[in-house]
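Protein chains in written order, with the working numbering: chain A, 29 to 366; chain B, 29 to 366.
Everything on this sheet refers to the single structure shown next.
There are 2 protein chains.
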Amino acid sequence: MNHKFTSATISDVAKHAGVSIATVSRVLNGKTPVQADKAERVRQAIAELNFVPRPAARTLASRKTNTIGLVFSEIRGAFFPHLLKGIEAQLHEAGYELLVYSTHSDRPIKRKPIGEHNTDGLLVFTTSLEKEEIARLYKINFPMVLMHETPPEGMNIPVITVENKDGAAMLVNHLIEHGRRRIVFLRGPEGHEDSVWRERGYREALAAHNIPFDEALVSSGEFDQETAYHAIKKLIQDGVDFDAVFAGDDDASIGVYRALKEARRLIPADVAVVGFDDVEFARYISPPLTTVRAPIEEVGREAVRQLLALLNGEQAQSLVLKRTELVIRESCGCPNHS
Amino acid sequence: MNHKFTSATISDVAKHAGVSIATVSRVLNGKTPVQADKAERVRQAIAELNFVPRPAARTLASRKTNTIGLVFSEIRGAFFPHLLKGIEAQLHEAGYELLVYSTHSDRPIKRKPIGEHNTDGLLVFTTSLEKEEIARLYKINFPMVLMHETPPEGMNIPVITVENKDGAAMLVNHLIEHGRRRIVFLRGPEGHEDSVWRERGYREALAAHNIPFDEALVSSGEFDQETAYHAIKKLIQDGVDFDAVFAGDDDASIGVYRALKEARRLIPADVAVVGFDDVEFARYISPPLTTVRAPIEEVGREAVRQLLALLNGEQAQSLVLKRTELVIRESCGCPNHS
DNA sequence: ACGCTTTCTGAAAGCGCTTTCAGATGAATC
DNA sequence: GATTCATCTGAAAGCGCTTTCAGAAAGCGT
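Written as structure tokens, this is what we have:
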């Protein structure tokens with residue numbers, strides 16, 4: 029009943045080509061030399077029998093899964109496809125498979141879902157994996173690289189992320205140079221790496237212009253529309269005075285737009301708004317959003333590169349910061365930049 | 029050297045619990061009864077040794093991979109994350125792993141990338157898999173379900189998609205009821221299932237109002253901005269007369285907006301525009317886009333449900349059409365609908 | 001022609017599980 | 001108490017590969 033899909037095995041090929049299975053394995057893997065004519069016969073047999081080696085058998089015998097795992101907490105946000113695309117492309121170029129795992133906290137975990145038993149290495153996005161699990165994997169020296177998250181204290185795990193601080197600072201500087209002084213900052217999720225660095229950029233830019241930091245202007249955006257919407261709404265209800273909003277990211281700025289429009293505040297005349305990421309819709313919302321371009325796809329590719337280096341026993345860079353770039357459109361008050 | 033990650037195996041557990049590996053296996057799988065006290069001892073041993081069964085070994089022995097594959101041609105379009113989310117969630121609820129594979133045509137395929145050897149079933153999105161490969165898998169009775177694509181002639185493979193025809197017809201009817209008569213339709217990619225049905229809806233709506241179909245009004249949108257932009261630009265240059273555009277999908281309508289704005293045609297006063305999908309940005313572009321809501325995440329979940337049915341030897345529905353819903357905003361000329 | 005490398009090859013031993021099969025155990029029946 | 005059954009359990013045989021190991025074949029120098 030379970031034998032439905034069994035097709036040719038390595039010994040069928042061996043028989044067909046008149047060699048031993050060891051030889052077949054050798055031409056399959058190409059690491060050990062095989063006489064040209066035999067190799068050719070084997071290749072023919074493989075073609076004729078339409079033989080495909082079972083990954084499970086290979087994995088069991090070689091202890092290499094040939095797949096890497098991607099762990100993240102939730103599929104959300106317009107940047108996600110780009111990340112995935114970069115990872116997928118780079119990975120498959122190298123001949124690896126991609127196992128995708130999303131750690132919804134509410135999911136009952138039946139068995140250890142992803143780790144050293146079913147992957148050769150892990151790509152971890154932000155805070156999707158608990159510190160203890162990271163520590164455990166680190167202890168057994170399991171290859172992994174983190175994206176948009178610094179490793180726990182004392183662990184030397186490669187990190188790929190974008191220039192969050194610089195990007196944020198560019199944005200806020202730009203706002204300040206446009207005469208904005210009361211700039212709201214919408215934080216991302218609690219403990220979120222990106223958010224921390226963006227806040228630092230925000231603070232540094234303020235400090236550089238001698239504008240005091242005002243806790244009242246900082247609120248939670250959670251990097252999503254809904255929370256951002258409510259945050260801004262609340263600020264308005266509370267009568268907080270502000271003339272600009274750094275939304276945390278582009279998704280959040282959507283919520284900001286909505287709250288502002290409902291309150292009949294004009295963008296950018298009354299309130300300038302800037303995002304972060306430069307996702308597709310940023311240029312098409314109205315007014316077009318000034319933001320910072322984060323090379324997300326490149327982050328994915330780079331993460332894979334570093335992980336592959338690790339897998340090959342090479343040294344990986346412990347930190348790769350991808351450059352961000354200010355994209356000026358109209359929501360900051362600059363005209364004619366669409 | 030490759031033994032880095034070896035930890036406890038089933039025989040360690042067996043020894044530790046004073047039973048045979050067969051018994052351990054049985055408590056692991058829970059299909060065969062085991063005396064309560066022994067089972068308890070085994071469970072303790074598993075916990076103490078931190079034992080996790082190797083999937084490769086299980087797969088090899090049982091011929092079940094416990095993972096299903098998702099195949100698609102390109103990670104693109106704002107709806108993709110939703111699809112993936114639905115699939116991922118539903119799948120992991122059922123305890124399956126997700127192997128993701130994108131078939132860029134330009135990728136050198138090293139080995140058969142995805143199929144019966146490394147998955148228990150396949151989720152195929154649109155035209156990502158060649159007809160021959162589908163036929164081959166179908167012939168060996170390999171479980172799969174298609175999303176947004178009908179199977180080749182004579183093959184009974186479950187299909188999950190949305191009410192493309194109805195959705196398109198609703199859109200076009202709405203346009204016509206607003207007095208539009210010269211309605212451009214931007215086709216999707218050649219051979220794309222969704223596109224075919226949307227065109228049918230378009231034609232039926234025209235026919236229902238006795239408006240003759242005009243080939244000159246149909247052009248290629250490819251479901252992306254760029255192509256849509258050029259298509260509309262060309263129509264304008266060619267002096268084709270039109271008062272509305274059914275963009276094919278929301279992504280394409282972005283391109284339509286751009287071309288129209290460049291040509292100083294007002295939306296919706298001069299030209300009404302409607303999309304398809306209702307992705308996030310649809311409500312935030314200016315003017316807010318009238319479109320049809322396609323329950324993409326639900327398509328993903330349903331596809332998984334049907335595939336799981338197939339895997340359990342149950343009968344799957346051969347066609348599931350998810351209902352679409354007209355979302356009226358402003359780009360069609362309706363006021364106050366934001 | 002003889003030893004000595006060097007290169008290639010097959011036998012066989014696993015990799016860590018599942019699953020069959022036959023046997024052990026104890027309960028139930030007469 | 002003997003017989004029959006229903007339950008549970010362990011030994012052992014694979015699943016389909018990779019990899020070691022030792023031997024065969026072929027090349028080389030003298």
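From the three backbone atoms N, C-alpha and C, an ideal C-beta is built for every residue, glycine too.
Model, not experiment: these values are computed from the prediction.
Is the distance from the Cβ of V284(B) to the Cβ of V268(B) below 8 Å?
Numbered from 1 along the second sequence, position 256 holds the residue referred to as residue 284(B). Numbered from 1 along the second sequence, position 240 holds the residue referred to as residue 268(B). Going by C-beta atoms, V284(B) is not nearer than 8 Å to V268(B).
Which residues, in order along the segment 116-133 of chain B, keep a beta-carbon less than 9 Å from a beta-carbon of chain A?
Residues E116, A117, H120, E121, G123, E125, L126, L127, V128, Y129, S130, H132.
When burial is assigned at 16 or more other CB atoms within 10 Å of the CB, is S90(A) buried or exposed?
Position 62 of the first sequence, counted from the start, is the residue given in the question as residue 90(A). By the neighbour-count rule (16 or more Cβ atoms within 10 Å), S90(A) is not buried but exposed.
Would N78(B) be called buried (16 or more neighbouring beta carbons within 10 Å of its own) or exposed?
As a first step, residue 78(B) is located in the second sequence; it is residue number 50 there, counting from the start. Exposed: under 16 other Cβ atoms inside 10 Å.
Residue range of the alpha helix (DSSP H) that G283(B) falls in?
Here the question's residue 283(B) lines up with position 255 in the second sequence. Note, G283(B): alpha helix (DSSP H), 278-290.
From K159(B) to P180(B), what does the alpha carbon distance come to, in whole angstroms?
Reading the second sequence from its first residue, position 131 is the one you call residue 159(B). Reading the second sequence from its first residue, position 152 is the one you call residue 180(B). Distance between the alpha carbons of K159(B) and P180(B): 7 Å.
Under the assumption that E325(A) contacts G114(A) (Cβ atoms under 8 Å), give the Cβ distance between them as a whole number of angstroms.
Sequence index remark: in the first sequence, residue 325(A) carries index 297 (1-based). Sequence index remark: in the first sequence, residue 114(A) carries index 86 (1-based). Indeed they touch by this definition, with Cβ atoms about 4 Å apart.
Determine the contact status of R215(A) and V246(A), defining contact as a CB-CB distance below 8 Å.
Position 187 of the first sequence, counted from the start, is the residue given in the question as residue 215(A). Position 218 of the first sequence, counted from the start, is the residue given in the question as residue 246(A). A contact, by the Cβ cut-off of 8 Å.
Only counting the same chain, and skipping five residues up and downstream in sequence, which positions put a Cβ closer than 6 Å to that of E353(A)?
One-based indexing of the first sequence puts residue 353(A) at position 325. R321.
Between G105(A) and L165(A), what straight-line distance do the alpha-carbon atoms span, to the nearest angstrom?
Mapped onto the first sequence, residue 105(A) falls at position 77. Mapped onto the first sequence, residue 165(A) falls at position 137. Taking the straight line joining both Cα atoms gives about 28 Å.
Quick one: which chain B residues come within Cβ less than 7 Å of S314(A)?
Counted from its first residue, the first sequence places residue 314(A) at position 286. Going along chain B in sequence order, the residues near S314(A) (Cβ under 7 Å) are I313, S314.
Leaving aside the five residues before and after L234(A) along the sequence, list all residues of the same chain whose C-beta is less than 8 Å from its C-beta, in chain order.
As a working mapping, residue 234(A) is identified with position 206 in the first sequence. For L234(A), where only same-chain residues beyond five positions count, the Cβ hits under 8 Å are V200, I204, I211, P240, F241.
Leaving out five residues on either side along the sequence, give the residues of the same chain with a beta carbon under 6 Å from the beta carbon of V55(A).
Counting from one through the first sequence, the residue named residue 55(A) turns up at place 27. Contacts found: V62, A67, V70.
So with CB distances below 7 Å, who are the chain A contacts of K261(B)?
Locating residue 261(B) in the second sequence gives position 233, counting from the first residue. Simply none; closest approach about 17 Å.
Starting from the C-beta of D252(B), find all residues in its chain whose C-beta is less than 6 Å away, skip the five residues before and the five after it, and write them out in chain order.
Sequence index remark: in the second sequence, residue 252(B) carries index 224 (1-based). If we look at D252(B) and ignore the five residues flanking it on each side, its Cβ neighbours are D279.
Give a yes or no on whether the C-beta atoms belonging to E221(A) and T319(A) are separated by under 8 Å.
Residue numbering aside, residue 221(A) sits at position 193 when the first sequence is read from its first letter. Residue numbering aside, residue 319(A) sits at position 291 when the first sequence is read from its first letter. It is not a contact, given that the beta carbons lie outside the stated cut-off.
Which residues in chain B have a C-beta closer than 7 Å to the C-beta of H145(A)? List them in chain order.
Indexing the first sequence from 1 puts residue 145(A) at position 117. Those within 7 Å of H145(A) in chain B are V80, R82, P83.
Does the beta carbon of F108(B) sit closer than 8 Å to a beta carbon anywhere in chain A?
By 1-based counting over the second sequence, the position of residue 108(B) is 80. Chain A, which has a Cβ nearer than 8 Å to the Cβ of F108(B), makes this yes.
Quick one: Cα of A297(A) to Cα of G361(A), how far?
Along the first sequence, read from residue 1 onward, the residue named residue 297(A) stands at position 269. Along the first sequence, read from residue 1 onward, the residue named residue 361(A) stands at position 333. Cα to Cα, the separation comes out at about 7 Å.
Expressed to the nearest angstrom, what Euclidean distance is found between the alpha-carbon atoms of L294(A) and K289(B)?
Here residue 294(A) corresponds to residue number 266 of the first sequence, with the count starting at 1. Here residue 289(B) corresponds to residue number 261 of the second sequence, with the count starting at 1. Their Cα atoms are separated by approximately 22 Å.
Mind checking S48(B): buried by the 16 CB within 10 Å criterion, or exposed?
Working through the second sequence from its first residue, we reach residue 48(B) at position 20. Exposed, since its Cβ has fewer than 16 Cβ neighbours within 10 Å.
Assuming N147(A) contacts I96(A) (C-beta within less than 8 Å), just tell me the rounded distance between them.
As a working mapping, residue 147(A) is identified with position 119 in the first sequence. As a working mapping, residue 96(A) is identified with position 68 in the first sequence. Residue 147(A) is actually Thr in this sequence, not Asn. About 5 Å separates the two Cβ atoms, so the contact holds.
Where does the unbroken beta strand (DSSP E) through I188(B) begin, and where does it stop?
Against the second sequence, residue 188(B) aligns to sequence position 160. Counting along the chain, the beta strand (DSSP E) containing I188(B) begins and ends at 187-190.
Give a yes or no on whether 8 Å exceeds the smallest Cβ distance from E250(A) to chain B.
Here residue 250(A) refers to the residue found at position 222 when the first sequence is read from its first residue. For E250(A), the answer is no, since every Cβ of chain B falls outside 8 Å of its Cβ.
Taking 8 Å as the cut-off, decide whether the C-beta atoms of A73(B) and V99(B) are in contact.
For the purposes of this step, residue 73(B) is identified with residue 45 of the second sequence, where counting begins at 1. For the purposes of this step, residue 99(B) is identified with residue 71 of the second sequence, where counting begins at 1. No, these two residues do not count as a Cβ contact at 8 Å.
Pick from H258(B), F309(B), A275(B), R329(B): whose alpha carbon is nearest that of A423(B)?
No answer is possible for residue 423(B): the residues shown for chain B start at 29 and end at 366.
Just tell me which of G276(B), D277(B), I282(B), A244(B) has its CA closest to the CA of I264(B).
Residue numbering aside, residue 264(B) sits at position 236 when the second sequence is read from its first letter. Of the listed residues, the one whose Cα sits closest to I264(B) is A244(B).
So which residues of chain B does I162(A) contact, with C-beta pairs closer than 8 Å?
As a position in the first sequence, residue 162(A) is number 134, starting the count at 1. Correct list: empty, because the minimum Cβ distance to chain B is about 15 Å.
Quick one, are the C-beta atoms of F108(B) and D305(B) less than 8 Å apart?
Numbered from its first residue, the second sequence carries residue 108(B) at position 80. Numbered from its first residue, the second sequence carries residue 305(B) at position 277. No, these two residues do not count as a Cβ contact at 8 Å.
Classify E144(B): buried if its beta carbon has 16 or more other beta carbons within 10 angstroms, exposed otherwise.
What you label residue 144(B) is simply residue 116 of the second sequence in a count that begins at 1. Under this definition E144(B) is a buried residue.
If you run the structure through DSSP and keep just helix, strand and coil, what is V55(B)?
Locating residue 55(B) in the second sequence gives position 27, counting from the first residue. Reduced to three states, the DSSP call for V55(B) is helix.
Could you pull out every unbroken alpha helix (DSSP H) segment of at least 4 residues lying fully inside the segment 69-153 of chain A, listed in chain order?
Runs found: 83-90, 108-121.
Take M175(B) as the anchor and find which of L335(B), D266(B), A75(B), P363(B) has the nearest alpha-carbon.
Within the second sequence, the letter at position 147 stands for residue 175(B). Comparing Cα-Cα distances from M175(B) to each of L335(B), D266(B), A75(B), P363(B), the minimum goes to L335(B).
Under the three-state reduction of DSSP, which class applies to R215(A): helix, strand or coil?
Reading the first sequence from its first residue, position 187 is the one you call residue 215(A). Looking at R215(A) - three-state DSSP - the assignment turns out to be strand.
Per DSSP, which one or two residues make a beta bridge with D266(B)?
One-based indexing of the second sequence puts residue 266(B) at position 238. Per DSSP, none; premise fails for D266(B).
Count the other CB atoms within 10 Å of the CB of H31(A); is the residue buried (16 or more) or exposed (fewer)?
The count along the first sequence starts at 1 and reaches residue 31(A) at position 3. Note that H31(A) scores a pLDDT of 46, beneath 50, so its modelled location is shaky; the value from the coordinates is reported in the next line. Under this definition H31(A) is an exposed residue.
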